[in-house]
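Heads up: the sequence shown begins at 4 in this note's numbering, then just goes up one per residue. Below is one structure, written out as structure tokens; comments come after it.
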Amino acid sequence: MSAEISRRDALKLSGAALGSLALPAWVASEANAATPSSRNALFNKLSAFDPRMEPVAPDAMRISFMGTSVIERRAQQRMSLFVELGNGDSFVFDIGSGSVSNYVAMGVPWSKMRRIFLTHLHGDHTSDLTHVYCFGPQGDGKSPLYLFGPSRSRIPNPGFFNGSGSDQFHNPQYFDDGILDFAYHFREMNRWHTESQSFVGTRWKDGPGGPAAPADGYDIYATELDWKTGESGNRWTTSRYLRDNPGFNAGKWIAYQNNGVKISFFPAIHDRNGSISYKLEWKGLSMIFTGDTKPNHFLIDAASAGKPVDVLISEIVVDPDVWVSKQSGITDPTNPTYQAGLLNAEAVQLNSHTPQRAFGYILNRLANKGKAPRLAVGTHFQSEDDTNAWALEDIRAWYSGEVAISTDLMVIDASRGSMQVRRASVSDYSWSAKWTDPRQVNGTYNPKYADPQTCNPYRPMGPLNQLDKDLLAQVIPACDYDKAGFMCTQPYPTTSCKVPQI
Ligand SMILES: [Zn+2]
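Rendered as structure tokens:
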């Protein structure tokens, strides 16, 4: 019986809810499955710990999986990795939708999320950037946001007709689809948000907690990483100071170099020109994150360069028949809807992803060169008992080294002497993470919308500066509903203390 048929049969069984039917032995042995899906025994059997109580060790690298899925599901947010180093540095790799709630649950403050490396500009890798950007400076992220990502695709627009024949207003010969275009439009897209919340201080000033932030929390410094040439010198920033003082070095195929940390990049092959993978190296430890990609030789070369990688994190994808069965609920291969779905799933794999078996093959190639990673991790994957078992079966067909399948809140602590894989135990009801930026003792520069009048009880904040007088005239006075409240006992504005006119 081929693996393909056995998978479809297992899906039929799970779909039909046949209760106590015995599962194939390999499901039970690999994943200790009680039911074929809706559980994750691999994850649940990891030892639990509270990451807020156990900071990363000085000689270690911690990788926390904050989003691990391509599709939308409550158990797994979209792709994001958080890498913390023992020297205090921290880096975000991709920031897919929903992942920020895991950062908050893990107690990661905004100040630790100021360097973000995007593998490509798909929404499942970028959507929560909006949240980091908009709300970071409201917390302790009162320092500029550094963005890294791929250059333009350089693919001609097939809808372009030399300015005629199209009903599109914006139909250029080439689209502006690189990270610098993204950063500029992203900044402007969020203009109403950032202005409206700039009545609070958004930039740390100089003081005993350290030097002032080099620019405002709403400033962006974006670095373009050329997927074809390896150039990294094209930048875009909102800050004149940052333009002249980026604060890190870069070079050919090197995105970032500072404080003993090197983050290099190499091409990925995913959907459209303009996807990249990253390799982080620090103190003899290393990590590769592929982002989304078809299996490729760039990865084998990057993972073979120098000493073996400590943690190699690759996307993997379920077999097309598993995808279409799970998605549609149809398991009959003669059903036309199933067949159309299967062709679509196969086309997506062809242009985009690394099949489970291909990941095993790549690991085997590395092992044959003496370059097997200490730990290989599959991610960007719907991780549950049956899919985990099938993935491990496919990877094991080629490779016998250490392999983990990630899900949200899996945490790897890697040092030279040890490699720990655990699960974070967190609250589903967490509030925003505690501020940890030491400059909080310095306070901030005055807000952009400041109201320094001594009669303003909120000074220097100007919470009413951006509201029209006709709107303010319609506010229900606080004393009408709460005579003891602050807004009644400390009224503002008053007849003698008016809101400044913009
Ligand atoms: Zn993706």
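Beta carbons are placed, not taken as given, at the ideal position from N, Cα and C, and that holds for glycine.
Residue nearest to residue 151 within the set 226, 177, 326 is 226 (criterion: CA-CA distance). Measuring C-alpha to C-alpha distances from residue 281 to each of 265, 274, 275, 287 identifies 265 as the nearest.
For the pair of segments examined, the stretch 368-385 was found to touch the stretch 71-85: the number of CB pairs separated by less than 8 Å reaches three.
Collapsing the DSSP output to three states places residue 320 in a strand. Chain order is used for the residues whose beta-carbon lies nearer than 6 Å to a heavy atom of ligand 1, namely 73, 82, 125, 127, 128, 295, 383. With contacts defined by Cβ atoms closer than 8 Å, residue 217 and residue 248 form a contacting pair. In this structure, residue 144 lies away from residue 195, with their beta-carbon atoms at least 8 Å apart. One Cα belongs to residue 296, the other to residue 372, and the distance between them is close to 22 Å.
Comparing alpha carbon positions, the residue from 141, 228, 183, 245 closest to residue 198 is 141. Between residue 256 and residue 233 a beta carbon distance of about 4 Å is seen, short of the 8 Å cut, so the two are scored as contacting. For residue 349, no beta strand (DSSP E) run applies; the uninterrupted alpha helix (DSSP H) run containing it begins and ends at 339-355, by DSSP. Annotation for residue 105: the continuous alpha helix (DSSP H) segment containing it runs 102-108.
Here residue 230 is buried. Its C-beta has 16 or more other C-beta atoms within 10 Å. Between the alpha carbons of residue 116 and residue 299 lies a gap of roughly 30 Å. Residue 452 and residue 498 have their C-alpha atoms spaced approximately 21 Å apart. In this structure residue 70 is in contact with residue 102, their Cβ atoms being roughly 3 Å apart against a cut-off of 8 Å. Residue 362 is a Cβ neighbour of residue 398, given a cutoff of 8 Å.
Collapsing the DSSP output to three states places residue 379 in a strand. DSSP, reduced to helix, strand and coil, places residue 412 outside both helices and strands of the structure shown, so it counts as coil. DSSP lists 151, 238 as the beta-bridge partner residues of residue 226. By the C-beta density criterion, residue 75 is exposed, having fewer than 16 other C-beta atoms within 10 angstroms. Around the CB of residue 182, 16 or more other CB atoms lie within 10 Å, so the residue is classed as buried. One Cα belongs to residue 224, the other to residue 252, and the distance between them is close to 13 Å. About 11 Å separates the beta carbons of residue 427 and residue 56, which is beyond the 8 Å limit, so they are not a contact pair.
In chain order, 462, 463 place their CB closer than 6 Å to the CB of residue 455, counting only its own chain and leaving out the 5 sequence neighbours on each side. Proximity of the stretch 425-443 to the stretch 183-194 falls short of the contact definition, fewer than three beta-carbon pairs being nearer than 8 Å.
Apart from sequence neighbours up to five positions away, the residues of its chain that approach residue 469 with a beta-carbon distance below 8 Å are 198, 199, 202, 452, 505, ordered along the chain. In this model, residue 450 and residue 135 are separated by some 19 Å (Cα to Cα). By the C-beta density criterion, residue 278 is buried, having at least 16 other C-beta atoms within 10 angstroms. With contacts defined as CB atoms closer than 8 Å, residue 45 and residue 408 qualify as a contacting pair.
Here DSSP, grouped into helix, strand and coil, assigns residue 199 to helix.
By the Cβ rule, the stretch 473-486 does not count as touching the stretch 238-245, because fewer than three pairs are nearer than 8 Å. In the DSSP secondary-structure assignment, residue 261 is bridged to 264.
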